[in-house]
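K.L.:
First, the structure itself, so that you have it in front of you.
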Amino acid sequence: MIRSRRSIRYLFYGIAIVTSAIMIGPLYWMVATSFKVPSGVFAAPPQWIPDPWTLANYRDVFTLLPFARYFLNSVIVTGTIVVLNTFFDLAAAYAFAKLRFPGRDFLFFTLLITLMVPFQVNLIPLFRIMVSLHQLSPVLGVNTYFGLIAPSAIQVFGIFLLRQFIRSIPDEILDCARVDGASEFRILRRIVFPLAVPGLATLAIFTFLGAWNDFLWPLLITQTDQMRTLPVGLALLARRQEINWGDTMAGTTITALPMIAIFLLLQRRFIEGLTQGAIKG
Amino acid sequence: MVRSLARPVPSSRPSQPGLSGGRRFAWRVRRGRSGYLFILPALALAIAFLYLPMALSAYWSFTDFNGLTPPSWVGLANYQQLLTDPVFLQAVRNTVVFVVAGQGIGPILGIASALLLNNKLKFRAIFRTAYFVPVMTSLVVVATIWKMLLNSGGMVNLIFGYFHLPTTDWLDNPSTALPSVIAASVWQGFGFETVIFLGALQAIPREYYEAAMVDGANAWSRFWHITLPGLRPTILFVYVIGIIQSSQVFDQVFVMTQGGPIGSTNTIVYELINRFNSLNLGQASAIAYLLAIVLAILSFVQIRVFKEWA
Numbered sequence: 217m218i219r220s221r222r223s224i225r226y227l228f229y230g231i232a233i234v235t236s237a238i239m240i241g242p243l244y245w246m247v248a249t250s251f252k253v254p255s256g257v258f259a260a261p262p263q264w265i266p267d268p269w270t271l272a273n274y275r276d277v278f279t280l281l282p283f284a285r286y287f288l289n290s291v292i293v294t295g296t297i298v299v300l301n302t303f304f305d306l307a308a309a310y311a312f313a314k315l316r317f318p319g320r321d322f323l324f325f326t327l328l329i330t331l332m333v334p335f336q337v338n339l340i341p342l343f344r345i346m347v348s349l350h351q352l353s354p355v356l357g358v359n360t361y362f363g364l365i366a367p368s369a370i371q372v373f374g375i376f377l378l379r380q381f382i383r384s385i386p387d388e389i390l391d392c393a394r395v396d397g398a399s400e401f402r403i404l405r406r407i408v409f410p411l412a413v414p415g416l417a418t419l420a421i422f423t424f425l426g427a428w429n430d431f432l433w434p435l436l437i438t439q440t441d442q443m444r445t446l447p448v449g450l451a452l453l454a455r456r457q458e459i460n461w462g463d464t465m466a467g468t469t470i471t472a473l474p475m476i477a478i479f480l481l482l483q484r485r486f487i488e489g490l491t492q493g494a495i496k497g
Numbered sequence: 068m069v070r071s072l073a074r075p076v077p078s079s080r081p082s083q084p085g086l087s088g089g090r091r092f093a094w095r096v097r098r099g100r101s102g103y104l105f106i107l108p109a110l111a112l113a114i115a116f117l118y119l120p121m122a123l124s125a126y127w128s129f130t131d132f133n134g135l136t137p138p139s140w141v142g143l144a145n146y147q148q149l150l151t152d153p154v155f156l157q158a159v160r161n162t163v164v165f166v167v168a169g170q171g172i173g174p175i176l177g178i179a180s181a182l183l184l185n186n187k188l189k190f191r192a193i194f195r196t197a198y199f200v201p202v203m204t205s206l207v208v209v210a211t212i213w214k215m216l217l218n219s220g221g222m223v224n225l226i227f228g229y230f231h232l233p234t235t236d237w238l239d240n241p242s243t244a245l246p247s248v249i250a251a252s253v254w255q256g257f258g259f260e261t262v263i264f265l266g267a268l269q270a271i272p273r274e275y276y277e278a279a280m281v282d283g284a285n286a287w288s289r290f291w292h293i294t295l296p297g298l299r300p301t302i303l304f305v306y307v308i309g310i311i312q313s314s315q316v317f318d319q320v321f322v323m324t325q326g327g328p329i330g331s332t333n334t335i336v337y338e339l340i341n342r343f344n345s346l347n348l349g350q351a352s353a354i355a356y357l358l359a360i361v362l363a364i365l366s367f368v369q370i371r372v373f374k375e376w377a
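One line per chain: the protein sequences are Z and X, in this order.
Quick note on numbering: the first sequence equals residues 217 to 497 in my numbering.
Quick note on numbering: the second sequence equals residues 68 to 377 in my numbering.
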């Protein structure tokens, strides 16, 4: 009995180790290939450790290809989207949760309805709206930061999530502040914001992940290398007829690494945030 | 602020005994104004980038529209043409295969690996991290890596060859291209389900299992009568989200196969973008609405079915 139980545990460890290898192996291969010379990429037998190893692929990616620019664009777009969502979603969530005004519940309901509609429905009109806006001003619309950011500057899901959080704040605390003469804006900033921090952290995680990895919209709305984000630049590189795998894997590593690094640093927060979102939402 | 609690506190309900009528009214107006002010950014953005596009594409789906000349009304013609268009129907078939296979394998793998990790394995955190890391990378990254691994001279063929399994040019072979895209997608996504199911498993009270052990229930009946009911809300969540997301598959196809070979990996959204690029905006809009309607019905049915199962 004890023997068989122990062998079952060994089996479990065996399965866990093999499956983990299947998960980590391709990522290791991505990093390894990014340091290989062209003849080493598909060499037989495979080179587990690049021999010889080279930094030429990274030099190519930053000099021949505009990956530095892609990276900068991704940082600007993702950062702005996270900040705007924090403010706009929180303000709207507070109003929908705690303030009373005519049409409140109806407006909230019309927002919730849009959660049922996949993004592809909005895609084409959104593109044409951006074309029109670009004719108004060169900083608006197609191939601009505005075009990349504006459609993601609020998220209905974010408003919904934060509203759930804010509803659990007792009305008495808010009323006390009102009696003391605090404006609603001050209440939002000094009372609601600090109390909503756990919800905001969850939202920031979802928003950050979604914005950094977003592909379809940035693909359509950007037209020059100056404006492309990392996933778009990478995809266009990986679609070429003659692929230079060393360069491509260097680009892939640059795209993947920031997310993996941030995840490893903030692992606990990430997993709690996702699990909460799933189990409560 | 704490001291002010001692005073009669007016509640936010309409009946506020502590305040006179005039002041109460002024208060409500002020709070109402703040309310509109606070939802203004969200509402303005929603009107410009959600409601207006939704209405426009609904209208365009009933028109012949190339984006250059004004749209002309054609009624249901776009929808009728799509439902008999072999290219679109193949895209629908491929998408159904992608969703059914992906959602058949992914969440089951997620439950299996969550159960595995829930066995108090040592280094559980390391295994969990290994499963989850691909979730953090974008689909474009995953597609690019697998495009290399599935290359005719790539790692997959080397390993298959070593074990005397059949090898092929996976992404250039019409019968293996779609399964390859599915495999890469499952590889990327099931860590998410693992983590969520692991969280749900740990939320099931231990006492239930202890009571069942006392009653002499075996491992299978403990799983069937305690674990599975405990996971039910999570299973619903995973499937509703999973089906909605995987029906919109695009990124992997764009990078790995571009819909080919001979349309064997063309999907609904990939075909939508094709029609958009060929300036057939009426049909592209109709595809988007067909997708939206089917997804809405599917989500509704799933929620009903899971309620019945309770």
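Where a beta carbon is used, it is the ideal one built from N, C-alpha and C, also for glycine.
Remember, predicted model here, so these are calculated numbers, not experimental data.
#1: Quick check on TRP461 (chain Z) - is its C-beta less than 8 Å from some C-beta in chain X?
#2: Mark SER288 (chain X) as exposed unless 16 or more other C-beta atoms lie within 10 angstroms of its C-beta, in which case mark it buried.
#3: Within the same chain, show all residues whose beta-carbon is closer than 7 Å to that of LEU348 (chain X), passing over the 5 residues directly before and after it, in chain order.
#4: List the residues that DSSP assigns as beta-bridge partners of SER220 (chain Z).
#5: Hey, MET215 (chain X) and TRP269 (chain Z): beta-carbon distance below 8 Å or not?
#6: Taking ALA351 (chain X) as the reference, give the member of X:ARG342, X:LEU358, X:PHE373 with the closest Cα.
#7: Hey, how far is the Cα of ARG484 (chain Z) from the Cα of ARG191 (chain X)?
#8: Based on the DSSP output, what are the partners of LYS252 (chain Z) in its beta bridges?
#9: Contact between the region 221 to 235 of chain Z and the region 445 to 457 of chain Z: three or more CB pairs below 8 Å?
#10: Residue range of the alpha helix (DSSP H) that VAL307 (chain X) falls in?
#11: Quick check: what's the CA-CA separation for GLN459 (chain X) versus ILE389 (chain Z)?
#12: Going by DSSP, what residue range makes up the alpha helix (DSSP H) through LEU482 (chain Z)?
#13: List the whole-angstrom C-beta distance separating ILE271 (chain X) from GLY309 (chain X), where the pair is believed to meet the contact cut-off of C-beta under 8 Å.
#14: Which bits of chain X does PRO334 (chain Z) rub up against, with CB to CB less than 9 Å?
#15: For ILE382 (chain Z), I'd like the list of residues in its chain whose CB is within less than 7 Å of its CB, leaving aside the five on either flank, ordered along the chain.
#16: Work out the CA separation of SER223 (chain Z) and ILE233 (chain Z) for me, nearest whole Å.
#17: Chain X partners of MET239 (chain Z), CB-CB under 8 Å?
#18: Is the CB-CB distance between GLY258 (chain X) and TYR198 (chain X) below 8 Å?
#19: Can you tell which of Z:PHE373, Z:VAL372, Z:ARG444, Z:SER368 has its C-alpha closest to the C-alpha of ARG285 (chain Z)?
#20: Check this for me: beta carbons of VAL456 (chain X) and ALA472 (chain Z), under 8 Å apart or not?
#21: Short of 8 Å Cβ to Cβ, which residues in the region 309 to 342 of chain Z face chain X?
#22: Span of the alpha helix (DSSP H) holding GLU375 (chain X)?
#23: With burial defined as no fewer than 16 other Cβ atoms inside 10 Å of the residue's Cβ, what is the status of TRP428 (chain Z): buried or exposed?
#24: Using only the alpha-carbon positions, how far apart do LEU490 (chain Z) and LEU481 (chain Z) sit?
#25: Which value, in whole angstroms, describes the spacing of the CA atoms of ILE370 (chain Z) and LEU352 (chain Z)?
#26: Could you tell me whether the Cβ of TYR146 (chain X) comes closer than 8 Å to any Cβ of chain Z?
#27: 8 Å is my cut-off, CB to CB: does ALA284 (chain Z) come that close to chain B?
#28: Looking at chain X, is there any beta carbon in it that lies within less than 8 Å of the beta carbon of MET443 (chain Z)?
#29: Taking the straight line between their C-alpha atoms, what separation do you get for LEU419 (chain Z) and GLY241 (chain Z)?
#30: Per DSSP, which one or two residues make a beta bridge with ASP131 (chain X)?
#31: Just list the beta strand (DSSP E) runs in the region 231 to 303 of chain X, keeping only unbroken ones of 3 residues or longer that don't cross its boundaries, in chain order.
#32: Compare the C-beta of MET68 (chain X) with all C-beta atoms of chain Z and state if any pair is closer than 8 Å.
#33: Just checking: is the beta-carbon of TYR276 (chain X) within a distance shorter than 8 Å of some beta-carbon in chain Z?
#34: Nearest CA to the CA of LEU243 (chain Z): which residue from X:MET203, X:ALA284, X:THR301?
P.N.:
On the basis of the supplied data:
#1: Yes, TRP461 (chain Z) counts as interfacial toward chain X.
#2: Per the 10 Å Cβ criterion, exposed.
#3: If we look at LEU348 (chain X) and ignore the five residues flanking it on each side, its Cβ neighbours are TRP127, PHE132, ASN133, GLY134.
#4: None, per the DSSP bridge assignment.
#5: Against a cut-off of 8 Å, the Cβ pair of TRP269 (chain Z) and MET215 (chain X) comes out as no contact.
#6: Across the set X:ARG342, X:LEU358, X:PHE373, the C-alpha of X:ARG342 shows the shortest separation from the C-alpha of ALA351 (chain X).
#7: Taking the straight line from one Cα to the other gives about 14 Å.
#8: Looking at the DSSP output, LYS252 (chain Z) sits in a beta bridge with Z:TRP269.
#9: Judged by Cβ distances under 8 Å, the region 221 to 235 of chain Z makes no contact with the region 445 to 457 of chain Z, as fewer than three pairs qualify.
#10: Per DSSP, VAL307 (chain X) belongs to the alpha helix (DSSP H) from 295 to 314.
#11: No answer is possible for residue 459 (chain X): it lies beyond the span of chain X, which begins at 68 and ends at 377.
#12: Counting along the chain, LEU482 (chain Z) falls outside any alpha helix (DSSP H), and DSSP gives it neither H nor E.
#13: In fact, because the Cβ distance is near 22 Å, the residues do not count as touching under 8 Å.
#14: By Cβ distance, chain X contributes ILE311, SER314, GLN315, VAL336, ALA355, LEU358, ALA359, LEU362.
#15: Scanning its chain for C-beta atoms nearer than 7 Å, with the 5 sequence neighbours on each side dropped, one finds around ILE382 (chain Z) the residues ALA309, TYR310, ALA313, LYS314, VAL408, ALA412, in chain order.
#16: Here the alpha carbon of ILE233 (chain Z) sits roughly 15 Å from the alpha carbon of SER223 (chain Z).
#17: The answer, in chain order, is ALA197, TYR198, VAL200, PRO201, TRP254, GLY258.
#18: Yes. Within cutoff.
#19: Of the candidates Z:PHE373, Z:VAL372, Z:ARG444, Z:SER368, the one whose C-alpha sits nearest the C-alpha of ARG285 (chain Z) is Z:ARG444.
#20: Outside the shown range of chain X, which is 68 to 377, sits residue 456 (chain X), and nothing can be said about it.
#21: Going along the region 309 to 342 of chain Z in chain order, one finds TYR310, ALA311, PHE312, LYS314, LEU315, ARG316, PHE317, PRO318, ARG320, LEU323, THR326, LEU327, THR330, MET332, VAL333, PRO334, PHE335, GLN336, VAL337, ASN338, LEU339, ILE340, PRO341, LEU342 with a Cβ nearer than 8 Å to chain X.
#22: For GLU375 (chain X), the enclosing alpha helix (DSSP H) starts and ends at 348 to 376.
#23: A buried status is given to TRP428 (chain Z), since no fewer than 16 other beta-carbon atoms sit within 10 Å of its beta-carbon.
#24: A direct Cα-to-Cα measurement between LEU490 (chain Z) and LEU481 (chain Z) gives close to 16 Å.
#25: Approximately 23 Å, taken between the alpha carbons.
#26: No, no contact with chain Z.
#27: No chain B appears in the structure shown, which is made up of the protein chains Z and X.
#28: Chain X contact via Cβ: absent.
#29: Rounded to whole angstroms, LEU419 (chain Z) to GLY241 (chain Z) spans 31 Å at the Cα level.
#30: Beta-bridge partners assigned by DSSP to ASP131 (chain X): X:SER139.
#31: Given a length threshold of 3 residues, the region 231 to 303 of chain X has no whole run of the beta strand (DSSP E) inside it.
#32: Low per-residue confidence applies at MET68 (chain X): pLDDT is 35, beneath 50, and the placement is therefore not dependable enough to give any value.
#33: Cβ-Cβ to chain Z under 8 Å: no for TYR276 (chain X).
#34: Of X:MET203, X:ALA284, X:THR301, the residue nearest in Cα terms is X:MET203.
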